[in-house]
Amino acid sequence: MIAWVSHHAPVLVVLLPLAAALVIPIVALRRPSVAHLIATVFALATAAVSVIALITVVRDGPIHYFVGGWTAVPTGPPSDLTEVVFGIELVIDRVSGFFASVVATMAASTLAWSRLPVGHELPGREGAFYSVACLVLVGLMGMLVTADIFNFYVFLEVSSLSGYALVAAKGGRAAAAAFRYLILGTVGASLYLLGVGYLYVSTGVLNMGLLSEVLHQGSMSPVAIAFIVIGLAVKIGLFPFHSWLPDAYADSAVASGGFLAPIMTKVMVYGLLRFLYTILGDGDFTDGDGALGPAALGPILTWAGAIAVIAGSVVACIRNDFRRLLAWSSIAQLGYIVLGIGLDHPLALAGAILHVMNHALMKGALFYVAGAQLVAGGGRSIDDLRGLGGRLPATTTCLVIAGMSMIGVPPLGGFFSKWYLLRGALEQGRYGIAVVLLVGSVLAAIYVFRIIERACFGCRDDEATDEPPSMLLPLGLVTLGVIAGGLLSKTVVEVVLWRPVP
Amino acid sequence: MTSVVPALVLACPLLAAIWVVYANARPNLREGGSITCAVVMAGIAFSLAVRALEGPALEVVLFPLIPDLSHVTTAGATGYAGTSLHLRADPAGALFAALAAGLWALTAVYSIGYMRGHGEKKQARFYFWFAMCVFAAAGIALSANLVTFFIFFEILTFSTYPLVVHKESEEAFAGGRKYLAYTVTGGVCFLLALVWTHAVAGTTEFRPGGVFDADVVASAGAPTLWAIFGLFIIGVGVKSAVMPLHSWLPTAMVAPTPVSALLHAVAVVKAGVFGVIRIVGWVYGPTLTTELGVGTALAWAAAATILLASLIALTKDNLKARLAYSTVSQLSYIVLGAALASKAAFTGSVIHIVNHGFMKITLFYAAGTLLVHAHKTKVSELDGIGRKMPITMLAFLVAALGLAGFPPIAGFTSKWNLMQGAVEAGQPLFLGVLILSAILNVAYLVPIPLRAFLIAPPAPSEDDGHGEGHGDGHENAHHGEPEGEAPFALVFPLTVTAIVSLVIGIWPDLGVGFLSLAEAARDEVFTR
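Order-wise, the sequence lines are chains A and B. Be aware that the first sequence starts at 1, since it is given in this note's numbering, and climbs by one per residue. Be aware that the second sequence starts at 1, since it is given in this note's numbering, and climbs by one per residue.
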């Protein structure tokens with residue numbers, strides 16, 4: 001059974017959420033609790049398969065899967081451009097297995113959590129919400145497992161189009177935010193597609209491994225690289241291509257924002273990582289020499305990330321809307337990740353990948369808090385959080401822990417991502433970047449304590465209200481994840497990134 | 001030698017914190033648990049201190065934090081050594097842990113008297129974070145490497161914040177923000193220094209005599225080592241309130257008095273100076289500190305702080321503010337001793353952690369007692385109060401004389417060693433600084449108990465309305481003048497600490513053997 005699951009894992013992680021997305025409209029469009037149950041169960045199954053796949057990968061090496069048995073590898077030499085192969089290869093290796101586990105777990109957790117907030121904000125449209133959310137997950141998992149750059153584009157559009165729908169679901173301002181997201185997201189996706197087309201014309205292959213071999217034999221087209229990197233940067237929400245992000249996360253329903261914020265941009269980061277390291281670089285994540293590909297890209301990405309860290313954090317410090325503050329904090333935290341990728345050092349890369357997990361967990365937890373505040377009837381400004389500790393004590397505890405991790409307080413997850421990023425920056429002699437990382441921490445302390453100062457003090461013990469377990473349990477588990485993300489970071493770094501394959 | 005005992009010391013305050021949450025609704029049970037945990041912790045910490053003198057240090061590795069990546073073959077990469085959550089009760093650590101535990105036990109008793117007498121709100125939150133602070137301080141004491149140290153250092157930073165803003169007034173929040181601005185900035189500077197040390201020296205262990213070997217020093221170069229030292233000192237210097245990083249401390253005085261006592265005598269500021277000692281003795285080593293010249297620079301900063309803070313203390317009429325500046329000044333004695341990096345100065349520095357701890361906490365206990373029992377916060381209001389509260393003011397007098405360095409009270413031992421150390425280090429100028437500071441100490445502290453005993457109390461409250469503010473007159477009328485000495489829970493701890501200050505001045509090795517521990521720490525550092 002386990003062997004069967006891990007053998008078919010690359011296709012299962014796509015098919016499971018797809019099945020849910022199709023089943024929900026058929027059997028549960030008007031039955032919210034059934035729709036919620038189906039979505040949660042299938043997302044949990046996806047997460048379980050991802051974790052099994054990751055364990056298998058760590059033990060036995062990457063899982064290759066050829067969809068429909070069609071080969072994706074030509075029989076002749078890769079430089080022979082006359083032979084055309086149509087097959088699509090799916091691969092789960094350490095990195096994609098790790099991303100898939102994080103993304104599917106967070107998706108499952110958010111779906112489990114979302115019953116009350118969805119009922120609160122989108123009454124009567126629960127079935128549609130869960131169906132579309134599962135479709136987003138289909139796209140995201142597909143992007144993570146595919147080894148084909150055009151197939152990646154297809155899944156990117158699947159996740160993006162359903163993502164726009166998810167954002168728009170609430171109507172009103174959310175529709176405007178979704179429209180903006182749609183325009184910019186389509187521009188990003190189109191740029192990516194242009195780059196892919198460019199590469200296909202010049203090489204004749206779409207499979208990532210083959211493309212890498214071909215590109216390393218000939219010259220790499222800077223235009224194609226620029227198209228793809230900028231296209232992905234737009235989808236990541238990298239400053240200054242971020243302008244769709246705050247509205248999309250803050251004006252949409254809290255369940256939509258909470259579903260998308262922790263995972264969507266992370267998968268785009270994965271795309272960037274794959275493109276830079278597997279296709280353009282030498283594919284070896286651990287030896288630290290030229291793994292990134294073209295040398296000029298490193299400094300550009302590093303500084304872009306650094307600017308995002310500062311700009312995102314500064315704006316987060318002056319935002320008064322809780323979710324908008326979280327969205328700007330996301331822009332800053334994505335800056336950390338891109339910065340780590342750009343540093344082109346195994347330790348910095350470990351920090352970036354670790355931060356993908358840590359940020360998904362802590363941003364998820366903070367959005368859950370925003371949702372709990374909304375369901376409990378509170379407003380959306382951070383001033384409305386005043387006395388939250390009296391009303392929702394357990395929720396507030398989780399808020400504090402997630403916030404502390406955002407600052408980078410040891411021994412929580414955020415500290416360890418920062419440790420590796422700093423270590424990588426120093427190893428590369430990039431002292432300016434090290435300072436940016438620290439300034440980012442101080443700014444994070446400012447915006448986190450603007451929340452904590454209001455939420456934790458001025459509370460009255462006698463006004464504690466019910467904290468619904470269906471929301472508190474996922475929040476508690478994700479918060480435990482924030483703590484575990486710190487304490488187990490050693491294992492993650494060692495196993496996922498470094499332990500040699502037997 | 002592996003032993004779980006160092007971890008037990010940390011478990012006690014953690015247990016107390018959990019107990020506070022559990023027994024929240026029953027104050028007597030809640031505080032009973034705190035005191036029990038504190039007494040048990042003190043017992044374990046004292047036995048650890050005794051043990052630290054006898055044989056190899058007890059240590060325990062709790063949890064791996066950073067993996068060993070030395071098999072990663074990057075050209076020229078050093079310092080991929082792993083690191084763990086590692087506790088070790090070496091002499092210096094055992095000394096600080098024993099001090100923290102002992103004073104926590106007394107402060108636990110004192111805070112019951114204070115918090116209830118003062119009718120403070122949110123007492124459960126107070127006791128919870130109080131226990132967390134002690135947990136962090138003990139963790140700092142027993143850390144065997146910089147990463148473990150930093151983890152507890154940051155826990156301390158953020159556990160103190162709820163105590164500083166305890167009153168939830170605008171003033172308290174402003175004090176809290178200032179506190180965070182300083183300590184978080186200090187924290188990130190420390191983090192950079194820590195990561196940098198890991199990158200340069202390849203280890204984060206505290207090693208007696210320093211981690212930077214001769215070849216590391218040669219390859220890293222003096223500017224890098226200067227930068228790392230500077231960042232370390234900014235990090236720990238914020239907490240030890242070395243000027244110009246001190247100004248959060250007087251602002252943080254809005255906290256309840258037991259917190260001020262804890263901040264000033266045990267946890268926060270002592271964690272800072274203990275950090276300075278660890279950096280000089282166990283990361284850089286006295287030899288490198290002297291060779292690089294970083295020690296001299298730090299010593300001058302400390303000397304300036306000693307004198308300036310004493311002068312500012314002279315101008316303060318608010319008792320707690322005066323004590324705060326006295327703390328700023330006294331802490332720099334410890335920093336100065338470490339910076340001089342000579343044998344006697346190092347001993348004096350380590351032992352002053354203990355001596356200042358006992359004396360300053362006595363002063364703060366007394367200040368808190370005056371506030372709760374007599375409703376006095378200003379030095380100018382204390383005329384004649386010694387006739388009503390003789391024990392409190394006598395304890396104050398003992399501690400004040402001790403801080404000025406009068407034999408046979410505790411402060412004399414430290415000052416003697418520091419002076420000897422200044423001569424040993426070939427920097428006799430600091431001798432003058434120490435003497436001048438002793439005079440200033442007498443000038444700003446000793447008059448307080450003297451006027452309390454010698455000047456007649458002001459005439460009864462009919463005249464009071466003219467001289468004092470209307471608010472004070474009203475308060476006095478409301479509460480009434482104090483009837484005799486304060487309650488037992490307030491007077492007992494300050495009596496004990498005053499007696500201890502006297503006893504360890506005369507027999508420095510009685511009981512825990514603080515002086516022997518300080519000397520053992522010195523020998524450890526200077527034998528390499």
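We put the CB at the ideal spot given by N, CA and C, even for glycine.
Cβ shell of A/V375 (< 8 Å), same chain only, five flanking positions each side left out
L116, P117, H120, P468, M471
List the residues of chain B that A/K561 touches, going by C-beta distances under 8 Å, in chain order.
Beyond the ends of chain A as shown, which are 1 and 502, falls residue 561 of chain A; an answer cannot be given.
When B/V200, B/V266, B/F206, B/T204 are compared against B/A214, the one with the closest alpha-carbon:
B/V200
Report all residues from its chain with a CB closer than 8 Å to the CB of B/A563; omit the five preceding and five following residues, and keep chain order.
With chain B covering 1 to 528 only, the question about residue 563 of chain B has no answer from this structure.
A/A45: first and last residue of the uninterrupted alpha helix (DSSP H) it sits in:
32-60
Give the residues of chain B in contact with A/R423, contact being defined as C-beta atoms less than 8 Å apart.
V195, H198, A199
Do you know offhand how far B/G405's Cα is from B/T315's?
21 Å
For B/P64, list the residues DSSP reports as bridge partners.
B/S84
How about B/A339 and B/G295: do their beta carbons lie closer than 8 Å?
yes
Kindly indicate which three-state DSSP category B/E168 falls into: helix, strand or coil?
coil
For B/E120, three-class secondary structure by DSSP
coil
Is the CB of A/L392 under 8 Å away from at least one CB in chain B?
no
Inter-residue spacing [alpha-carbon to alpha-carbon] between A/H355 and A/E89:
28 Å
Once DSSP output is grouped into helix, strand and coil, what is the label at B/S143?
strand
Can you tell me whether DSSP reads A/H64 as helix, strand or coil?
strand
Using a Cβ cut-off of 9 Å, pull out every chain A residue sitting near B/V254, in sequence order please.
Those do not exist, as B/V254 stays about 13 Å from chain A at its closest Cβ, beyond 9 Å.
Among the residues of its own chain, which have a CB less than 8 Å from the CB of A/E494, if the five just before and after it don't count?
none
Taking A/I92 as part of the beta strand (DSSP E), name the residues at either end of that continuous run.
89-92
May I ask you to list, following chain order, the residues of the region 355-380 of chain A that have a beta carbon less than 7 Å from some beta carbon of chain B?
none
What ranges does the alpha helix (DSSP H) occupy inside the region 423-460 of chain B, keeping only unbroken runs of at least 4 residues that lie completely in it?
429-445, 447-454
Per DSSP, what are the beta-bridge partners of B/T2 in this structure?
B/E59
How about A/W504: is its C-beta nearer than 8 Å to some C-beta of chain B?
Outside the modelled stretch of chain A, which goes from 1 to 502, sits residue 504 of chain A, for which no answer is possible.
Quick one: list the residues of chain B neighbouring A/S441, beta-carbon separation under 9 Å, in chain order.
V184, G187, V188, L191
Once the 5 residues before and after A/L426 are set aside, which same chain residues still bring their CB inside 8 Å of it?
A434
N- and C-terminal bounds of the alpha helix (DSSP H) containing B/L371:
No alpha helix (DSSP H) contains B/L371, which DSSP labels as neither H nor E.
What residue does the alpha helix (DSSP H) around A/I483 start on, and which one ends it?
469-487
Within 10 Å of its beta-carbon, does B/K320 have 16 or more other beta-carbons around it, so buried, or fewer, so exposed?
buried
For the region 269-281 of chain A and the region 404-414 of chain A, state whether three or more C-beta atom pairs, one from each stretch, are separated by less than 8 Å.
no
B/I506 beta carbon less than 8 Å from that of B/P390
no
Classify B/V315 as helix, strand or coil using the three-state DSSP reduction.
Per the sequence shown, residue 315 of chain B should be read as Thr rather than Val. DSSP places B/T315 in helix when its eight states are reduced to three.
Indicate whether at least one CB of chain B lies closer than 8 Å to the CB of A/A108.
no
By Cβ distance below 7 Å, which residues in the same chain neighbour B/L180 in space, the five residues on each side in sequence not counted?
Y161
Buried versus exposed call for B/Y182 [16 or more other C-beta atoms within 10 Å across all chains shown]
buried
For the ligand ATP, I want to know if A/A226 counts as a neighbour, meaning its beta carbon is within less than 7 Å of at least one of the ligand's heavy atoms.
No copy of the ligand ATP appears in this structure; indeed no ligand is present at all.
Any C-beta of chain B sitting closer than 8 Å to the C-beta of A/G458?
yes
Min CB distance B/I151 to chain A below 8 Å
yes
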